[in-house]
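J.: In my numbering, the protein residues as written are -2 to 214. Positions of the beta carbon are idealized from the N, C-alpha and C atoms, including for glycine. Let me give you the structure first, and then I'll get to my questions.
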């Protein structure tokens, strides 16, 4: 497997609690799907096996955030570090149901810095795809009946309306079963700072994954 860098909403925050509730709600529909905390993955394949290695990566993350601190003071109409534009049901285990993030140049910059410093032989053709998974599951495809339940739970918990993306409605995509767009970007699950960077060893079953280090900014 891999060692990954996560950015998480602060534990105990409104965003953390709402996303955790949604993850647990969807997990209950699919027996055998694991529990996990809400996060976006910034990097994978980190050369990071010890606590000291993890602390080096976290120090670089904090330095990157401090270098753009003035840009984190949100102005009217400016998106926070993590905000969402759509939700999709995928065909892969770790992206069975996920929220698609809006592009953010600061997150992209952190991704690039960490890639250059701590990922051996990074693949320049691999696109940065920030997302927040809501369900890990092998079930493929999800039936229409369960899709309706998934859609309803997302709408109810996030207090939003979702509409099927016309670009995917009549297209057989390799990785996506269905995609829904938000009528308005949900502000109750978007977060900026504070937040938590975590270095996670993702080896074996999900419930055996290990946090090697973390820091709050």
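(1) Hey, out of 85, 140 and 76, whose CA is closest to residue 190's CA?
(2) Helix, strand or coil for residue 72, going by three-state DSSP, please let me know.
(3) For residue 65, count the other beta carbons within 10 Å of its own beta carbon; 16 or more makes it buried, fewer makes it exposed. Which is it?
(4) Please classify residue 50: does DSSP put it in a helix, a strand, or coil?
(5) In angstroms, rounded to a whole number, what distance separates the CA positions of residue 98 and residue 127?
(6) Let me confirm a value: residue 60 is counted as buried when at least 16 other C-beta atoms fall within 10 Å, else exposed. Which label applies?
(7) Quick check on the DSSP output: what are the complete beta strand (DSSP E) runs of length 3 or more inside the segment 144 to 190, in order along the chain?
(8) Tell me the rounded alpha-carbon separation between residue 110 and residue 82.
(9) Looking only at its chain, what residues have a beta carbon closer than 8 Å to the beta carbon of residue 15, apart from the 5 residues adjacent to it on each side?
(10) Residue 132 and residue 93 - do their beta-carbons sit closer together than 7 Å?
(11) Which stretch, first to last residue, makes up the beta strand (DSSP E) that contains residue 193?
(12) Rounded to whole angstroms, what is the Cα-Cα separation between residue 74 and residue 12?
(13) Helix, strand or coil for residue 18? Go by DSSP, reduced to three states.
(14) Are the Cβ atoms of residue 175 and residue 3 separated by less than 7 Å?
(15) Quick check on DSSP: helix, strand or coil for residue 32?
(16) Out of 23, 147 and 124, which has the shortest C-alpha to C-alpha gap to residue 41?
T.: Reading it off the structure:
(1) Locating residue 190 in the chain shown gives position 193, counting from the first residue. Nearest of 85, 140 and 76 to residue 190, Cα basis: 76.
(2) For this step, residue 72 is matched to residue 75 along the chain shown. Coil, per DSSP.
(3) What you label residue 65 is simply residue 68 of the chain shown in a count that begins at 1. Exposed: under 16 other Cβ atoms inside 10 Å.
(4) Working through the chain shown from its first residue, we reach residue 50 at position 53. DSSP places residue 50 in helix when its eight states are reduced to three.
(5) Position 101 of the chain shown, counting from 1, holds the residue named residue 98. Position 130 of the chain shown, counting from 1, holds the residue named residue 127. If you take the alpha carbons of residue 98 and residue 127, they lie about 6 Å apart.
(6) Counting from 1 along the chain shown, the entry for residue 60 is found at position 63. Result: exposed.
(7) Listed in chain order, they are 159 to 161 and 173 to 179.
(8) Position 113 of the chain shown, counted from the start, is the residue given in the question as residue 110. Position 85 of the chain shown, counted from the start, is the residue given in the question as residue 82. Those two C-alpha atoms are separated by around 25 Å.
(9) To locate residue 15, count along the chain shown from 1; it is residue 18. Correct list, in chain order: 154, 155, 185 and 186.
(10) Within the chain shown, residue 93 is the residue found at index 96, counting from 1. Within the chain shown, residue 132 is the residue found at index 135, counting from 1. Result yes, Cβ atoms of residue 93 and residue 132 sit closer than 7 Å.
(11) Counting from 1 along the chain shown, the entry for residue 193 is found at position 196. 192 to 199 is the extent of the beta strand (DSSP E) around residue 193.
(12) For the purposes of this step, residue 74 is taken as residue 77 along the chain shown, with counting starting at 1. For the purposes of this step, residue 12 is taken as residue 15 along the chain shown, with counting starting at 1. Spanning the two alpha carbons is a distance of roughly 19 Å.
(13) Position 21 of the chain shown holds residue 18. It is helical.
(14) In the chain shown, the residue the question calls residue 175 occupies position 178. In the chain shown, the residue the question calls residue 3 occupies position 6. Result no, Cβ atoms of residue 175 and residue 3 do not sit closer than 7 Å.
(15) For this step, residue 32 is matched to residue 35 along the chain shown. Residue 32: coil per DSSP, three-state reduction.
(16) Translated into the one-based positions of the chain shown, residue 41 becomes position 44. The shortest C-alpha separation from residue 41 is found at 124.
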